[in-house]
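Okay, structure first, notes after.
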Amino acid sequence: MTMQDLLREAAQLSPKEQLQLATQLLRLVDRQLSNSSALKSSSSTHIDTEENSIGYLLAHPISVRNFKPLSRDEIYERC
29 MTMQDLLREA
39 AQLSPKEQLQ
49 LATQLLRLVD
59 RQLSNSSALK
69 SSSSTHIDTE
79 ENSIGYLLAH
89 PISVRNFKPL
99 SRDEIYERC
């Protein structure tokens with residue numbers, strides 16, 4: 029399954045399923061980056077990979093019908 033396939037599926041998912049999909053996306057991007065011969069095998073590689081994964085998701089937000097972000101109070105209720 030490609031990144032584009034996963035993004036297409038996102039519009040029809042529940043919030044819980046969106047979270048699972050986001051996890052899959054991060055794993056996919058991490059795998060793709062770790063397979064790249066351009067990556068260094070230094071201790072900063074994990075940080076670079078994480079930043080690139082988050083950067084990709086920020087640059088390509090997942091569109092979800094009827095999505096309503098949590099309020100600050102709702103966020104703290106869940107912690």
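Okay, so the sequence shown: first residue is 29 according to the numbering used here, each after it adds one. All C-beta atoms, glycine included, are put in the ideal place defined by N, C-alpha and C.
Below 7 Å CB to CB, which residues in the same chain sit around residue i once its five sequence neighbours on both sides are set aside?
{"i": "residue 84", "result": "57"}
Which residue marks the beginning of the alpha helix (DSSP H) containing residue i, and which one marks its end?
{"i": "residue 57", "result": "43-62"}
How long is the line joining the alpha carbons of residue i and residue j, rounded to whole angstroms?
{"i": "residue 45", "j": "residue 98", "result": "16 Å"}
{"i": "residue 62", "j": "residue 55", "result": "10 Å"}
{"i": "residue 91", "j": "residue 38", "result": "7 Å"}
{"i": "residue 50", "j": "residue 35", "result": "9 Å"}
{"i": "residue 40", "j": "residue 93", "result": "7 Å"}
{"i": "residue 88", "j": "residue 103", "result": "24 Å"}
Take the Cβ of residue i as the centre, count every other Cβ of all protein chains shown within 10 Å, and call the residue buried at 16 or more, exposed below.
{"i": "residue 81", "result": "buried"}
{"i": "residue 47", "result": "exposed"}
{"i": "residue 53", "result": "buried"}
Under a CB-based cut-off of 8 Å, is residue i close to chain D?
{"i": "residue 59", "result": "Structure shown: chain D not included; a single protein chain is present."}
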